[in-house]
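In my numbering, the protein residues as written are -15 to 230.
For each residue, glycine too, the CB sits at the ideal point set by N, CA and C.
As the structure is a prediction and not an experimental result, all values here were calculated from the model.
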Ligand code: PGA
């Protein structure tokens, strides 16, 4: 099982280093769980240093589709690789709200995947879309651009994170809703990728109180965790739940 801590724009480099040191200890207690951390760009190097010697992977919260150029405020895959990043998140709903359209997310994801870089593609519907029965259609559209253009060699590097927008930072989705969405994502990927099934992670208010029934779902390969990943006690509890059922 993969647990990704998305620290968003919450921690300074100093705070990230301290939390990453705790994560390294947690990771040693649960060698069967993959722990990945996505700190802010300015905290990448200190996070690497803090987890050295553990099997934690460190990655970025976004990536641009060009190697260099006049793209103020963006970061390239080569820059991330140079400092040792091993994965990137793309299409997080908080990026989409700031203007990343399906088209831009697809460009980001395809660039990263074509370079054989582990890429976590975040997809998910808004509450309005769910209430008007658009969930599966939205997921299909968000997947389609990437699946339809993915070269064969890139397929093993794809990971999907299902994050219903309405469930981020507050209300958790019900296991039945999660299972239905994950089944659909798996079926869609299978159809488009000649039977290949990427790991599908769930994200949205994951916490020790709600994680067990979610983690037990066969369609769930892990979780993308925001708020609870900022608290080492809660994160340790999540890792221990995952470790028990892995
Ligand atoms: P949350 O964030 O766990 O705080 O809901 C999840 C995410 O946005 O990745």
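Range covered by the alpha helix (DSSP H) that runs through residue i
{"i": "residue 175", "result": "159 to 176"}
{"i": "residue 287", "result": "As shown, the chain starts at -15 and ends at 230. That puts residue 287 outside it, with no answer to give."}
{"i": "residue 3", "result": "-3 to 13"}
From the options, residue whose alpha carbon lies closest to that of residue i
{"i": "residue 64", "options": "76, 49, 17", "result": "49"}
{"i": "residue 113", "options": "104, 105, 123", "result": "123"}
{"i": "residue 141", "options": "76, 106, 71", "result": "71"}
{"i": "residue 212", "options": "222, 19, 121, 133", "result": "222"}
{"i": "residue 33", "options": "58, 6, 13", "result": "6"}
{"i": "residue 47", "options": "90, 10, 15, 38", "result": "90"}
{"i": "residue 190", "options": "171, 218, 174", "result": "218"}
{"i": "residue 103", "options": "110, 109, 95", "result": "95"}
{"i": "residue -5", "options": "31, 162, 228", "result": "31"}
{"i": "residue 43", "options": "59, 62, 37, 22", "result": "22"}
{"i": "residue 3", "options": "-15, 28, 15", "result": "28"}
{"i": "residue 93", "options": "118, 144, 228, 56", "result": "144"}
{"i": "residue 135", "options": "98, 45, 208, 19", "result": "98"}
{"i": "residue 165", "options": "200, 45, 204", "result": "204"}
For residue i, the first and last residue of its enclosing beta strand (DSSP E)
{"i": "residue 223", "result": "Unbroken run through residue 223 is the alpha helix (DSSP H), 216 to 229; no beta strand (DSSP E)."}
{"i": "residue 206", "result": "206 to 209"}
{"i": "residue 154", "result": "Neither: residue 154 is in no beta strand (DSSP E) and is coded neither H nor E."}
Residue-chain proximity (residue i, chain C), Cβ-Cβ < 8 Å
{"i": "residue 14", "result": "The chain inventory of the structure shown lacks chain C, comprising one protein chain alone."}
Quick one: any contact between the region 193 to 203 and the region -6 to 2, if contact means 3 or more CB pairs under 8 Å?
By the Cβ rule, the region 193 to 203 does not count as touching the region -6 to 2, because fewer than three pairs are nearer than 8 Å.
Three CB pairs or more closer than 8 Å across the region 132 to 149 and the region 176 to 194:
A contact between stretches requires three or more CB pairs, one per stretch, nearer than 8 Å, and the region 132 to 149 meets this requirement with the region 176 to 194.
Starting from the N-terminal side, write out each stretch of the beta strand (DSSP E) that is 3 residues or longer and does not extend beyond the region 47 to 131.
Runs of the beta strand (DSSP E) inside the region 47 to 131: 71 to 74, 102 to 107.
Inside the region 18 to 42 only - alpha helix (DSSP H) runs reaching at least 4 residues:
Those alpha helix (DSSP H) runs which fall completely within the region 18 to 42 and span 4+ residues are 28 to 35.
Counting pairs of beta carbons, one from the region 51 to 59 and one from the region 79 to 93, are three or more of them closer than 8 Å?
Contact between the region 51 to 59 and the region 79 to 93 is absent, with fewer than three C-beta pairs closer than 8 Å.
Is the region 166 to 178 touching the region 117 to 135, taking contact as three or more C-beta pairs under 8 Å?
Because the criterion of three Cβ pairs below 8 Å is met, the region 166 to 178 and the region 117 to 135 touch.
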